[in-house]
Structure formats: structure tokens, C-alpha cells
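Reviewing the structure listed below.
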DNA sequence: ACTATTTAAGAGTAATATGTCTTAAATATA
DNA sequence: TATATTTAAGACATATTACTCTTAAATAGT
Ligand code: FES
Ligand code: FES
């Protein structure tokens, strides 16, 4: 898998949050229910996003998490890097150290281009872009889709 | 990581084998030494490639493995599928079941295209292509490169 | 026939990723 | 202040991947 499960869960949660464009806090319990993700596991993942300042959190009743800024200002790339780290955009497809150095691997030419394409795609796509598409075209971010876009 | 370590090891080994265009058997011990891969682990991986009929093996002294056909006839895609399975070319980037069905995920449009590009690249690149490039441009398939292309 | 060499097969171990549970700290509300 | 609710943090458990070790089977050479 290109992205870890943690990363996928992080994307699902931030996409759903992005569709709640009310600026209020949403409890992780609520997110985990809607997205069918283990509450404690999702909590850990969102903590990483909070540490990366992509989310803001508040404890206590009425607490929860919310996007730290406009959903149009947060890119998929930022979410991916916050969880899986930046290396996936620089690593050799054959796992060799120092990809792109003076002595690359035979697959470097083809891979580096594709890898940059992926990074570019994620870089130029905001949470708003994806959540809007999800809403407008009634797309899925869970297996069975028993959540509703834009309804906190 | 896009490819598992097993898959990467399989690619390294088949690329090196492809540069030995003599049709003889090369012992796995020799490959594991040259490629800095655990002998027993590499053996298991190459067994998968033998089962998939990409390699032929022979036991006993003078035994070993060799490509089952011309290196120009074996694609990187075949090696990848034999080890990591075909799913990486059909899976949803968000891990949802049934990618591409009537209700895809918001990232489907961007991902499906990139995923197909990757498959196409691997499909249209043969072991010969890569090993030739490796030889001609003195490229790496190990961390320190203390192997020599084309020298069994 | 015997021995050395090599792949085949499977059990066992270690490392990492994924998921669960418990306790602590913060905060809103009564 | 007291209580309920919620995130934070870390220990713990399970699953998957990566790797190791042992034994069996086949084959070439003596
Ligand atoms: S060196 Fe292998 S992909 Fe860059
Ligand atoms: S449904 Fe998600 S990538 Fe196809």
C-alpha cells in the first residue's frame, strides 16, 4: 500500500471535518463512529495531526477537534506528510539509500517522475477540493458509506 | 512503501540474472552474496518466482536459478505481481473495497490514473531494458554496489 | 554407491504496523 | 466545588511482514 492505514484514516477524518464548514469542534468519538474507525486508534492519529498543527483540539464537554485553518488551505500532501512522513516523496523504489544521487537505480528515471506526479497531485489538492467533490457527487470515504457529508 | 521488501529483492535478483545472458544456472547463494540479501530469505522469494514460472531452478551441484525465458520477454510487472500480487494495481488509495465501482472515493479520479501509469510503466519495461540501462550507465541495485553487472 | 552441493519446504524468531485498554489532565455545566 | 465529558499519553495486545534456522529432496561428480 502506498499510504499506511493510519494515513488513510487521517485523510478520511480530515475530509469529513472539511465538509463540516462550521468552525466548531467535532468529537473524535463522533468521527470514529461515522467513519467506522476504532476510537482510540483514531485519537492517536488525530493527535499527530494536532501536533503538526493541521488540527486544533479542545478537551472537555463541547470539545473535540477542528481544522486549524480553512479547508482550502490544507493540502492532502500536508496530511500525508504529518502521518507517514516526508520520505515517501524522496525514497528509492528499490529501497536504496540516497535516491537521486550520482548513482541511482535503474528504475529511478521512471519512478522519480511518477513519484513527483503523486506529490504534485497531493500538493495541489486541498481538503476542500476533495470534500466538495465527495459531497457533490455523493462519493465514499468508508466501506459502506453510512455517514453523511456535511452533517456534524 | 509501494513495493514490499520481498518484491524489491525479487526485482534486484531478476535484474542481475538478466545481465547474465548466458542461459546457465546461477546459485542463489551467489546472488545473495552479490546483492547483500539473506540467503534463506532470497531463496523463499525466488521460489515464488519459480512457482510463477518466471524462473527455472535446478537442485544439486551446478544447480541454481535462471530466467525461464528471454529477459526481454519478462516485464517488471510480472515480477511484481508474482510477489506482491495483482491487487496493488486495482486497490483504492483509501483502502475501500471495490475501487472503481459505482461509488468510488474522492481520490479515485486522480489515483486511478496514476496507478494505471505505474502499471503501464512496469508493463512496458522488461528485465532486459533495466539491466541494460544498469550496465551501460553503471547504476546501482544495492546500497554499496559491490556487485558487477553481467559477471556471474 | 557415496558424498558434496544445491533448491524446497516448513517451523521458528524478530521487528513493525495495527489496534485496544487504562489512567491522567483539561474543561463545560450545574 | 463536584461531575460528566472529552482529549492526551502511554502501556499492552494482536497481526503482518521480515528474517532465520533446520530438515528433506534432488543432482553432479567421484
Ligand atoms: S535511486 Fe531508485 S528510485 Fe531513485
Ligand atoms: S475508489 Fe478509491 S481509488 Fe478507486
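Chains as they are written, first to last, in the working numbering: chain F, 58 to 209; chain S, 58 to 209. Where a beta carbon is used, it is the ideal one built from N, C-alpha and C, also for glycine.
Beta carbon of residue 169 of chain F: closer than 7 Å to some heavy atom of ligand 1? Of the heavy atoms belonging to ligand 1, at least one sits nearer than 7 Å to the Cβ of residue 169 of chain F.
With respect to the beta strand (DSSP E) encompassing residue 124 of chain F, which residues constitute its N-terminal and C-terminal limits? Element bounds for residue 124 of chain F: 121-124.
Whole angstroms is fine: what's the gap from residue 102 of chain S's alpha carbon to residue 145 of chain S's? Their backbone Cα atoms lie some 18 Å apart in a straight line.
Measuring only between beta-carbons, confirm whether residue 72 of chain S sits less than 8 Å from chain F. Judged by the 8 Å Cβ criterion, residue 72 of chain S is in contact with chain F.
Under 7 Å from any heavy atom of ligand 1, does the C-beta of residue 187 of chain F make it? The nearest non-hydrogen atom of ligand 1 is 7 Å or more from the C-beta of residue 187 of chain F.
Apply the 10 Å Cβ neighbour rule to residue 208 of chain F and answer buried if 16 or more other Cβ atoms are within range, or exposed otherwise. Residue 208 of chain F counts as exposed, since fewer than 16 other C-beta atoms from the protein chains shown sit within 10 angstroms of its C-beta.
Which one of F:183, F:150, F:194 has the shortest CA to CA distance from residue 159 of chain S? Out of F:183, F:150, F:194, F:194 has the C-alpha closest to the C-alpha of residue 159 of chain S.
Residue environment, residue 164 of chain F, which counts as buried when at least 16 other CB atoms sit within 10 Å: For residue 164 of chain F, the number of other beta carbons within 10 angstroms of its own is at least 16, and it is reported as buried.
For residue 113 of chain S, report the span of its beta strand (DSSP E) as first-last. Residue 113 of chain S -> beta strand (DSSP E) spans 112-115.
Interface flag, residue 135 of chain F vs chain S, CB-CB below 8 Å: Residue-level contact check: residue 135 of chain F does not touch chain S, since none of the beta carbons of chain S fall below 8 Å from its beta carbon.
At what residues does the alpha helix (DSSP H) containing residue 100 of chain F begin and finish? For residue 100 of chain F, the enclosing alpha helix (DSSP H) has its first and last residue at 96-108.
Contact check, residue 76 of chain F vs residue 192 of chain F, beta carbons under 8 Å: Against a cut-off of 8 Å, the Cβ pair of residue 192 of chain F and residue 76 of chain F comes out as a contact.
Hey, is residue 157 of chain F close to ligand 1, as in C-beta under 7 Å from one of its heavy atoms? Because some heavy atom of ligand 1 lies under 7 Å away, the Cβ of residue 157 of chain F counts as near it: yes.
Using only alpha-carbon positions, find the residue among S:180, S:116, S:139 that is nearest to residue 83 of chain S. Distance from the Cα of residue 83 of chain S is smallest, within the candidate group S:180, S:116, S:139, for S:116.
Closer than 8 Å, Cβ to any Cβ of chain S: which residues of the stretch 173-184 of chain F, in chain order? For chain S, the residues of the stretch 173-184 of chain F that bring a beta carbon within less than 8 Å of one of its beta carbons are 174, 175, 178, 182, in chain order.
Going straight from the alpha carbon of residue 156 of chain F to that of residue 197 of chain S, what length do you get? Distance between the alpha carbons of residue 156 of chain F and residue 197 of chain S is about 10 Å.
Between residue 154 of chain S and residue 200 of chain F, how many whole angstroms is the CB-CB distance? I'm expecting something under 8 Å. About 6 Å; that satisfies the 8 Å criterion.
Taking 7 Å as the cut-off, is the C-beta of residue 153 of chain F nearer than that to any heavy atom in ligand 1? Yes, Cβ of residue 153 of chain F sits closer than 7 Å to a heavy atom of ligand 1.
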